[in-house]
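I have placed the structure first, in the form of structure tokens, so that the comments after it can refer back to it.
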Amino acid sequence: MLSLLALPAFARSETAPGVALVQALYETYAWEAVVTHSARRPLFDEPAETLRRYFDEPLTRLIRNNHECERRTREVCRLDMAPLWNSSDPGASDLRVEAGPAPGEARVRFHAASGDWVELVYELKPTRDGWRIHDIRYADGPSLVSRLASP
């Protein structure tokens, strides 16, 4: 689990758009998978201004709508898992961020606490502010946008 702390040692990819953005996201929020209690705010509880550093506007709105639903109802709304880790009990080691299978994609792979490899595919879009995450696809279920947009 402590290998997540070595995230800044990743080689930056100059050829794959958005890969550096996804690497920066994990470098900033890796603590979510290794620290049980923290005074820091989890990514999906951050204000819109912070979310816009990583996500495009439509996904930022969906994330904030879910956060407001949870704040208002004090219940789980559309997300019952930590999206960066595809788990309700995040834990990871050997995390790698690399160019994805198609242009505009980044692939994140890591060992979950169970020892199994987990793979997430980030769909990235160019915006006037640079590349931003448009969606996250999970091998075992609906994408992040599908989960957040569900009725």
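Counted the way my numbering counts, the sequence shown spans residues 9 to 159. Think of the CB as a built atom: it goes at the ideal place given N, C-alpha and C, for glycine as much as any other residue. Keep in mind the model is a prediction, meaning the values are calculated, not measured.
Residue i to residue j span [Cα, whole Å]
i, j, result
"ALA107", "SER158", "29 Å"
"MET89", "LYS133", "24 Å"
"ARG48", "LEU33", "15 Å"
"GLU113", "ARG145", "10 Å"
"CYS85", "LEU152", "13 Å"
"PHE118", "GLN31", "13 Å"
"PRO66", "ASP102", "31 Å"
"ASN74", "GLU127", "24 Å"
"PHE52", "GLU40", "11 Å"
Cβ-based neighbour list, residue i, same chain, cut-off 8 Å, excluding 5 preceding and 5 following
i, result
"ARG60", "THR68, ASP137 and ARG140"
First through last residue of the beta strand (DSSP E) which encompasses residue i
i, result
"ALA47", "Premise fails: ALA47 is in no beta strand (DSSP E) and is neither H nor E."
"SER101", "100-107"
Same chain, Cβ closer than 7 Å to residue i, neighbours up to 5 away in sequence not counted
i, result
"THR36", "none"
Residues bridged to residue i (per DSSP)
i, result
"LEU128", "VAL116 and TYR146"
"ILE71", "ILE71 is not bridged to any residue."
"THR58", "Per DSSP, none; premise fails for THR58."
Per-residue burial, residue i [other beta carbons within 10 Å of its own, 16 or more giving buried]
i, result
"ALA100", "buried"
"TRP93", "buried"
Other residues of its chain near residue i: CB distance less than 6 Å, five sequence neighbours each side excluded
i, result
"LEU29", "TRP139"
N- and C-terminal bounds of the alpha helix (DSSP H) containing residue i
i, result
"TRP39", "39-42"
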